[in-house]
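Notes follow the structure.
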Amino acid sequence: MPRRKKRSWGGCSIEEHRGRFYVRYRENGKRKYLPESYTNKLEAERRADALAADLRNARHESARDEPVECELTLGELGDEWIKTRKDFETDASRWNKHLKPYFGHLKPQDVDEDLLRDFIREKSAATGEDGLSGPTVGRCIHLLSSLYRRLFKNRKRTGVTVNPVALLDKEDRDLFRSEHDPKKTPFIKTWADVRRILDSFEDGPTKVMFAVGVYTGLRPGELRGLHWENVHLDQDRPFIYVCQQVYRSKLKNETKGRRTREVPIQADLRPMLQAWRLQTGGQGPVFRPVSKRGGRPGAPPQFIQEHTMWRHLEVALTACKHPPVTWYEATKHTFASHYLMNGGRIERLATTLGHTDTEVTRRYGHLRVDLFPDEEFNAVCMNRPNTWPNGTASGTNGRTLAEHQSNSSATNEQKTVEIP
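Numbering of the sequence shown is given in our numbering, commencing with residue 82 and proceeding in unit increments.
Okay, here's the thing in structure tokens:
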């Protein structure tokens, strides 16, 4: 038996009795009727909608708590909240250096949009250690917004009823908007350059790491935390199960977006990984540090450090005389750009890269005019016949839409006649 649909709060209905329409509603669990009646059903429905809105507003007003005056300052609340952040060290640094000295002595209700504007302008105009770039100011504002979202959830204790960051308008947000254009991010433009850079690497784990990164789009932390148990080379369609990453020299059983994914292994990458599996034994981490230096006292290093990856990439770029690019640009950006330029779907690319939104993925697709194939660059061709509905304008071949349609119908008739 299907479950009965739950009646929405403040719902009203229309009843007809002897040619008159009455509005029925519920209040405090009791069924009631409005005293007036209507001869037109449309008027009764309009009155019912207005009554339903009044009932919902009355419910919200009655459920609204009395204003609470918080005795704690924003600094005390922020110190308690910052410990729960995932990226504790980075967020704690921004909180202690910039936000807490400016807002920490105030009560949560005393921070408004005017005070936020003063903070943005002072930090943007300051120089030296007190000055911040636009993106850094934006990260501080976003961190403060996260704090107020938490305080709003606990408004019975904090008394916060509004997030002041949400009151900033577009002009205020433009003050800390980044001027960097992601479409201008450098990457390796041709696959021949990718192979030249790969051949310029010294034989070792960093060479295989670069190959896996540029053929799969894995993040540096995901490459460092990759284990053989998650590399399925013997399948008909080999793939890598991405579920771990190295973050701050610790292996975490989650990715950046906290979502696992399966990334296909390209045909050119498969023999290299098979040879590397035979060389390393195929157990434990895929990439182990070669040097015994590093690590902690009494324990050898467990993961290859990112600065080691960057140093080996820099040597390879210098050897093949390629312009400098970072590891992220040479692997993830290059993989995404060539994927889209070769006709791949952006939705599938977002899943492969581990993005939750395709808008983030578009930053990795360098859809520049000089990199378009000829057939896509000439997709908008003025020499094609005009297909406007009125059929009056013509293309350079001189035929109108009506002539094309008549020619098409004649061809169809000819085909129809030829069928025995």
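A virtual CB, placed ideally from N, CA and C, is assigned to each residue, including glycine. These numbers were taken from a predicted model, which means no experiment stands behind them.
- For residue 381, the three-state DSSP class (helix, strand or coil): Note: residue 381 maps to coil in three-state DSSP.
- Contact between the stretch 391–401 and the stretch 310–320: three or more CB pairs below 8 angstroms? no
- Message: According to DSSP, simplified to helix, strand and coil, what is residue 118?
- Response: Note: residue 118 maps to coil in three-state DSSP.
- Item | CA-to-CA distance, residue 213 to residue 220, given in whole angstroms | 11 angstroms
- Task: Check whether the Cβ of residue 150 lies closer than 7 angstroms to any heavy atom of the ligand ZN, and answer yes or no.
- Result: The ligand ZN is not part of the structure shown, which contains no ligands of any sort.
- Just grab the DSSP bridge partners of residue 95 for me. 104
- Query: Does DSSP put residue 326 in a helix, in a strand, or in coil?
  - Reply: strand
- Message: Using only CA atoms, which one of 262, 189 and 242 lies nearest to residue 154?
- Response: When only C-alpha atoms are compared, the closest one is 189.
- Query: When the Cα atoms are used, what is the spatial distance from residue 287 to residue 301?
  - Reply: 11 angstroms
- Going by the CB atoms, is the gap between residue 101 and residue 114 shorter than 8 angstroms? Not closer than 8 angstroms, so no.
- Task: Using the DSSP secondary-structure output, state which residues sit across from residue 332 in a beta bridge.
- Result: 327
- Query: Out of curiosity, what's the CA-to-CA distance linking residue 196 and residue 179?
  - Reply: Approximately 14 angstroms, taken between the alpha carbons.
- Query: Secondary structure at residue 343, three-state DSSP: helix, strand or coil?
  - Reply: strand
- Out of 259, 347, 340 and 370, which has the shortest C-alpha to C-alpha gap to residue 431? If we check each option's Cα against that of residue 431, 340 comes out closest.
- Item | Residue of 385, 298, 278 and 382 minimising C-alpha distance to residue 418 | 298
- Item | Selection from 326, 296 and 158 that minimises the alpha carbon distance to residue 306 | 326
- Taking only the alpha-carbon atoms, compute the straight-line gap between residue 243 and residue 280 and give it to the nearest angstrom. Near 57 angstroms, if we compare the C-alpha coordinates of residue 280 and residue 243.
- Residues sharing a beta bridge with residue 308, DSSP: 366
- Any idea what DSSP makes of residue 36, helix, strand or coil? In the structure as shown, the chain starts at 82 and stops at 501, and residue 36 therefore has no counterpart that could be examined.
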